[in-house]
Amino acid sequence: MSLAYFLRRFGAVLVVLCIVSVAVFSITTVLPGNAALMILGENASAENLAALERQLGLDQPLIAQYFQWVGGVLQGDFGTSLRLQLPVAQVVGDAFWNSMALAAIALVSVTIIAIPLGTLAALRRGSVWDLLIGLLSYVGTALPEFVTATLLLVFFADPARQLLPAGGFVSPTEDFGGFLEHAILPSATLGLILMAHISRQVRSELSEVLSSDYVRAARLKGLREKRVIRRHALPNSLAPAVAVISLDIGYLLGGIIVVEEIFAWPGLGRLLIYALQNRDLPVIQAVTLLLAVVYALSNLLADVVIAKLDPRVRYA
Amino acid sequence: MRKILKSPTGLIGTVLLAIVFFVTVFGPWVAPYDPQAFDPINRLAGPSLQHWLGTDQYGRDLFSRMLNGAPSTVAFGLGATLLGVGVGSIIGVIAGVAGGRTDSIIMRILDGMLAMPELLFTLLIVTFLGGGTTQAMLAVAVTFTPGMARIARSSVLSVRTREYVLAAQARGESQSWIVGREVLPNALGPIIVEATIRVSFAIMIGATLGFLGLGAQPPSTEWGLMVAESRQFMFRNPWCVAVPGLAIAITAMGFNLFGDALRDAFDPKRSH
Numbered sequence: 001m002s003l004a005y006f007l008r009r010f011g012a013v014l015v016v017l018c019i020v021s022v023a024v025f026s027i028t029t030v031l032p033g034n035a036a037l038m039i040l041g042e043n044a045s046a047e048n049l050a051a052l053e054r055q056l057g058l059d060q061p062l063i064a065q066y067f068q069w070v071g072g073v074l075q076g077d078f079g080t081s082l083r084l085q086l087p088v089a090q091v092v093g094d095a096f097w098n099s100m101a102l103a104a105i106a107l108v109s110v111t112i113i114a115i116p117l118g119t120l121a122a123l124r125r126g127s128v129w130d131l132l133i134g135l136l137s138y139v140g141t142a143l144p145e146f147v148t149a150t151l152l153l154v155f156f157a158d159p160a161r162q163l164l165p166a167g168g169f170v171s172p173t174e175d176f177g178g179f180l181e182h183a184i185l186p187s188a189t190l191g192l193i194l195m196a197h198i199s200r201q202v203r204s205e206l207s208e209v210l211s212s213d214y215v216r217a218a219r220l221k222g223l224r225e226k227r228v229i230r231r232h233a234l235p236n237s238l239a240p241a242v243a244v245i246s247l248d249i250g251y252l253l254g255g256i257i258v259v260e261e262i263f264a265w266p267g268l269g270r271l272l273i274y275a276l277q278n279r280d281l282p283v284i285q286a287v288t289l290l291l292a293v294v295y296a297l298s299n300l301l302a303d304v305v306i307a308k309l310d311p312r313v314r315y316a
Numbered sequence: 001m002r003k004i005l006k007s008p009t010g011l012i013g014t015v016l017l018a019i020v021f022f023v024t025v026f027g028p029w030v031a032p033y034d035p036q037a038f039d040p041i042n043r044l045a046g047p048s049l050q051h052w053l054g055t056d057q058y059g060r061d062l063f064s065r066m067l068n069g070a071p072s073t074v075a076f077g078l079g080a081t082l083l084g085v086g087v088g089s090i091i092g093v094i095a096g097v098a099g100g101r102t103d104s105i106i107m108r109i110l111d112g113m114l115a116m117p118e119l120l121f122t123l124l125i126v127t128f129l130g131g132g133t134t135q136a137m138l139a140v141a142v143t144f145t146p147g148m149a150r151i152a153r154s155s156v157l158s159v160r161t162r163e164y165v166l167a168a169q170a171r172g173e174s175q176s177w178i179v180g181r182e183v184l185p186n187a188l189g190p191i192i193v194e195a196t197i198r199v200s201f202a203i204m205i206g207a208t209l210g211f212l213g214l215g216a217q218p219p220s221t222e223w224g225l226m227v228a229e230s231r232q233f234m235f236r237n238p239w240c241v242a243v244p245g246l247a248i249a250i251t252a253m254g255f256n257l258f259g260d261a262l263r264d265a266f267d268p269k270r271s272h
């Protein structure tokens, strides 16, 4: 893993994030109605509006406003929420960690289940297992999160049976068991789609690798099948799986918006929907930017892992 | 087409799509009930001979509502995809053909747009445009544009250096003739495959927007909205969320399977 490779990728991430910040800023500034109108309401007089606009810096040119906003963000100051009258950093902080916890649980549990499933399907191609796993992955990619979530609720959260809580959140520092219990259904919802993608990718990569020359060579050397798969086939088929996982983080971060809303999980997604409904511009900007940063950084991380797994990538 | 029907995924996909299109075209006529007709006595009923798939919280027939929702749901997916694929392909072809600085500027901007999770991007645009079916469709189309542009560009780039294009250049054909007659027809395959698979995403995103109250508005029978409206009653009658939910799944699966089979038919190397 050369430093130059990492720096090059990191530079690309910074460029992309600059573009994203411009995009987020311009989308939120073209939204009808500015912050002054939001605070004072529809019936505010023109003088009051103008005064508040001057106070908030809204009368300055857009470019100056953009740099003021970016300057604040770089110092951790995201402005003040228009609805909640609290610093955005404070509002977003807890929500950020709640979301990341949910995403991490979903991602880790899915990876643990999906890679063996894909391996099984590739090793027993054409068997009932392969067919079942293939079917599961097709159904998984065809169900939007809100449908999966609703069906899971019907099965597991029926008040008559009370298997799992239908929504809500318990702080992990207060009651870790309760926290996990509340996380099961949301993370299962997020996991189903990811599981479909990842297991399908592992299956197709592994089947390709299994028919390659070096696996045949390893078998001809008289190595045991287990060793052939563990040492020769699997490591080479994992790099593309990691690539898919990193792409899937985009789905995951999008899915989290819907899933948090359905299961009343107090994270970034729920906050975003609240902010969108209330036109709370600073919160919308902060949440969107944060999600984009997480997405970009996780893609970077995935690139690094792929380069570690597959030396060819580093020199490409 | 024969190649597609030969693989099991292609066959299932084709059958599912055929059902979906039949329902989309004829559904509203075959529906046994008026989708908005209230039936106060039979509220939240399970499936019966009278109501094949049961009724919702107002006693409206779920089977009829599902059939009536098909045209708007499917048209949404097709419309959004066509628009996104069209605009995206034009941008991608321009970038691929022009090359050089134009190409790198376009690609940087696309990278920035792709750096946001898809649903997040769509939500921002819908909020900017205001909720509603047309707005949601535009938003999905805009979201699809950068990804499609990328695919169109790479597809054009892979064709541009082939011998037949070089031969046309050597013959002294004009740039527009080469692009229109040699490059485009051969670069179309991957674009069509991607578009087919994207229809299923468009349908799912459209339903999600309907579910969040940002897409179709009541009393529309759009499937996502149907799930949202009867969610409160899901424990009393699971059918009223299961019917529209499964309808979405079947439609999305049809486009997915068909797209996969199409890809294998275009590119036999990858078919395993």
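These protein sequence lines are chains A and B, in that order.
All residue numbers for the first sequence refer to my numbering, where the first residue is 1 and numbers rise by one.
All residue numbers for the second sequence refer to my numbering, where the first residue is 1 and numbers rise by one.
All C-beta atoms in this analysis are idealised placements derived from N, C-alpha and C, irrespective of residue type, glycine included.
Because the structure is a prediction, the values reported are computed rather than measured.
Can you tell me where the alpha helix (DSSP H) with residue i in it begins and where it stops?
i: N42/B; result: Premise fails: N42/B is in no alpha helix (DSSP H) and is neither H nor E.
i: Q169/B; result: 163 to 171
i: G92/B; result: 62 to 98
i: M137/B; result: 133 to 160
i: Q75/A; result: Neither: Q75/A is in no alpha helix (DSSP H) and is coded neither H nor E.
i: T141/A; result: 128 to 142
i: Q333/A; result: Outside the shown range of chain A, which is 1 to 316, sits residue 333/A, and nothing can be said about it.
i: T122/B; result: 118 to 129
i: V215/A; result: 213 to 220
What would DSSP say about residue i, mapped onto helix, strand or coil?
i: P244/B; result: helix
i: S271/B; result: Only weak support exists for where S271/B lies, its pLDDT of 44 falling under 50; the value from the coordinates is given anyway. Looking at S271/B - three-state DSSP - the assignment turns out to be coil, as it is neither helix nor strand.
i: T55/B; result: strand
i: P172/A; result: coil
i: P332/A; result: Lying outside 1 to 316, the shown extent of chain A, residue 332/A is not represented and no answer is given.
i: P32/B; result: coil
i: P190/B; result: helix
i: P159/A; result: coil
i: P116/A; result: helix
i: P185/B; result: helix
i: P238/B; result: coil
i: L297/A; result: helix
i: P87/A; result: strand
i: I193/A; result: helix
i: A316/A; result: Any reading at A316/A must be qualified, since the residue scores a pLDDT of 49, below 50, and its modelled position is unreliable; no value is offered.
Closer than 8 angstroms is the cut-off here; do at least three beta carbon pairs connect the stretch 63 to 82 of chain A with the stretch 212 to 225 of chain A? no
At least 3 beta-carbon pairs within less than 8 angstroms: the stretch 191 to 206 of chain A vs the stretch 231 to 242 of chain A: yes
Enumerated in chain order, which unbroken segments of the alpha helix (DSSP H) with a length of 4 residues or greater are wholly contained in the stretch 194 to 236 of chain B? 223 to 230
May I ask you to list, following chain order, the residues of the stretch 101 to 130 of chain B that have a beta carbon less than 9 angstroms from some beta carbon of chain A? Within the stretch 101 to 130 of chain B, contact with chain A at the beta-carbon level (separation under 9 angstroms) is assigned to R108, I109, D111, G112, M113, L114, A115, M116, P117, E118, L119, L120, F121, T122, L123, L124, I125, V126, T127, F128, G130.
Which of the residues in the stretch 151 to 163 of chain A, read from start to end, lie with their CB under 9 angstroms from any CB of chain B? The residues in question are L151, L153, V154, F155, A157, D158, P159, A160.
Contained alpha helix (DSSP H) runs [length at least 4] in the stretch 235 to 282 of chain A, N- to C-terminal order: As for any alpha helix (DSSP H) of minimum length 4 sitting wholly inside the stretch 235 to 282 of chain A, the runs are 268 to 278, ordered along the chain.
Would you list, in chain order, the members of the stretch 177 to 200 of chain B that have their beta-carbon closer than 7 angstroms to a beta-carbon of chain A? Listed in chain order, the positions of the stretch 177 to 200 of chain B with a beta carbon within less than 7 angstroms of a beta carbon of chain A are S200.
Is the number of C-beta pairs between the stretch 188 to 196 of chain A and the stretch 98 to 110 of chain A that are closer than 8 angstroms three or more? yes
Is the stretch 155 to 165 of chain A touching the stretch 112 to 125 of chain A, taking contact as three or more C-beta pairs under 8 angstroms? no
Interface positions of the stretch 232 to 251 of chain B facing chain A (Cβ-Cβ less than 9 angstroms), listed along the chain: M234, F235, P238, V241, A242, P244, G245, L246, I248, A249, I250, T251
Touching by the beta-carbon criterion (3+ pairs, under 8 angstroms), the stretch 216 to 228 of chain B and the stretch 290 to 305 of chain A: no
With a threshold of 8 angstroms, are at least 3 pairs of Cβ atoms found where one atom belongs to the stretch 117 to 125 of chain B and the other to the stretch 245 to 257 of chain A? Three or more Cβ pairs closer than 8 angstroms define a contact, and the stretch 117 to 125 of chain B meets that threshold against the stretch 245 to 257 of chain A.
Check distances from the C-beta atoms of the stretch 288 to 304 of chain A to those of chain B and list, in chain order, the residues that come in under 8 angstroms. T288, L291, A292, Y295, A296
Residues of the stretch 19 to 36 of chain B in Cβ contact with chain A at a cutoff of 7 angstroms, in chain order, please. none
Counting Cβ pairs closer than 8 angstroms, one from the stretch 159 to 169 of chain B and one from the stretch 188 to 208 of chain B, do we hit at least three? no
Cβ-based contacts, 8 angstroms cut-off: residues of the stretch 39 to 59 of chain B near chain A: none
Under 9 angstroms (Cβ pairs) to chain A, residues found in the stretch 61 to 79 of chain B: none
Using a beta-carbon distance cut-off of less than 8 angstroms, what residues from the stretch 93 to 106 of chain A approach chain B? none
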